[in-house]
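Asks: The structure under discussion is supplied below as structure tokens; questions concerning it will follow.
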Amino acid sequence: MVTQTVIICDSEASNTIITKALNHNDFEIAFNSTSVDQLLINCELQRPDLIVISLTTTYPGLLDQLKVINQQYPLPIVIFSQDERDDTIENAIKAGVSAYVVDGLRENRIMPILRTAIARFEYHHAVQQELTDLKATLSERKVIDRAKGLIMEQRRCSEEEAYTLLRSTAMSQNVRIAELAQNIINAAQLLNPAQ
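To convert, note that position 150 of the sequence shown is 172 in this note's numbering; the numbers rise steadily by one, no gaps.
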């Protein structure tokens, strides 16, 4: 699979090193610039798989753009820089940068760094998705438990009977149990605002 890559370099020498390393592998350069001004727009248009940035120093505006890009189009981002300040590195990581490399732009190091950054991004993205799914599941369980409580109160039945009723009704209406449970809670609140 060819990896569509955006390259931003503030020096011709850095650009040459990165481009040469990428050309010998399965990377295609989708956009190449010396400026970050059009980075967000180009990510919207190109939908790259990877961003590689080489700048002498990073600045808050760049990190803000990277944060927006990472929220809208999550992808691995690698920064090569001379800026070794702790706050810059910390802010880069918070912006979603997968690898921040200080004084390490050498052709023989680029591919291992990119592969590591891509693997780290994929792992982090999978963990984030798992966390999101887990939160949704827990939220649904709370809704289902609350709806079961309302059914038990109204029907004077056991928890098991309430769940069986919820499940069978959801199946007959072809909706998810959590969706039906939320509808029951909404109806109860409409009929009795104290619920």
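C-beta: ideal position from N, C-alpha, C; glycine also. No experiment lies behind these values; they were computed from the predicted model shown.
Please classify Q94: does DSSP put it in a helix, a strand, or coil?
Replies: Translated into the one-based positions of the sequence shown, residue 94 becomes position 72. Helix, per DSSP.
Asks: Taking 8 Å as the threshold, find out whether the region 178-190 comes into contact with the region 144-162 through three or more Cβ pairs.
Replies: Touching, no.
Asks: How many Å lie between V58 and I30 at the Cα?
Replies: In the sequence shown, the residue the question calls residue 58 occupies position 36. In the sequence shown, the residue the question calls residue 30 occupies position 8. Distance between the alpha carbons of V58 and I30 is about 7 Å.
Asks: Pick out whichever of V90, I140 and A35 has its Cα sitting closest to the Cα of A117.
Replies: In the sequence shown, the residue the question calls residue 117 occupies position 95. Of the candidates V90, I140 and A35, the one whose C-alpha sits nearest the C-alpha of A117 is V90.
Asks: Whole alpha helix (DSSP H) runs in the region 40-99 with 4 or more residues, listed along the chain?
Replies: Whole alpha helix (DSSP H) segments, 4+ residues: 61-68 and 82-94.
Asks: Thinking C-alpha only, which one of S55, L156, I166 and A121 is nearest E144?
Replies: As a first step, residue 144 must be located in the sequence shown, where it is residue number 122. The shortest C-alpha separation from E144 is found at A121.
Asks: Let me know the secondary structure DSSP gives S103 once reduced to three states.
Replies: Translated into the one-based positions of the sequence shown, residue 103 becomes position 81. If DSSP states are grouped into helix, strand and coil, S103 belongs with the strands.
Asks: Would you please state the rounded distance, in angstroms, between the beta carbons of K170 and A184? I believe it to be under 8 Å.
Replies: Here residue 170 is taken as the residue at index 148 of the sequence shown, counted from 1. Here residue 184 is taken as the residue at index 162 of the sequence shown, counted from 1. With a Cβ gap of about 4 Å, K170 and A184 count as contacting.
Asks: Ordered along the chain, which non-local residues of its own chain (more than five positions away) have a Cβ less than 7 Å from that of E34?
Replies: As a working mapping, residue 34 is identified with position 12 in the sequence shown. Answer for E34: no residue qualifies.
Asks: Mapping DSSP to helix, strand and coil, what is V119?
Replies: Start at 1 with the first residue of the sequence shown, and residue 119 comes out as number 97. Of the three classes helix, strand and coil, the one that applies to V119 here is coil, per DSSP.
Asks: Around the Cβ of A114, are there at least 16 other Cβ atoms within 10 angstroms (buried) or fewer (exposed)?
Replies: If you number the sequence shown from 1, residue 114 lands on position 92. Buried, since its Cβ has 16 or more Cβ neighbours within 10 Å.
Asks: Compute the Euclidean distance between the alpha carbons of E106 and N214, then round it to the nearest angstrom.
Replies: Taking the sequence shown and counting its residues from 1, the one referred to as residue 106 is at position 84. Taking the sequence shown and counting its residues from 1, the one referred to as residue 214 is at position 192. Rounded to whole angstroms, E106 to N214 spans 60 Å at the Cα level.
Asks: Would DSSP call V28 helix, strand or coil?
Replies: One-based indexing of the sequence shown puts residue 28 at position 6. Note: V28 maps to strand in three-state DSSP.
Asks: Under the assumption that D71 contacts T25 (Cβ atoms under 8 Å), give the Cβ distance between them as a whole number of angstroms.
Replies: The sequence position of residue 71 within the sequence shown is 49, counting from 1. The sequence position of residue 25 within the sequence shown is 3, counting from 1. Contact holds; Cβ gap of about 5 Å.
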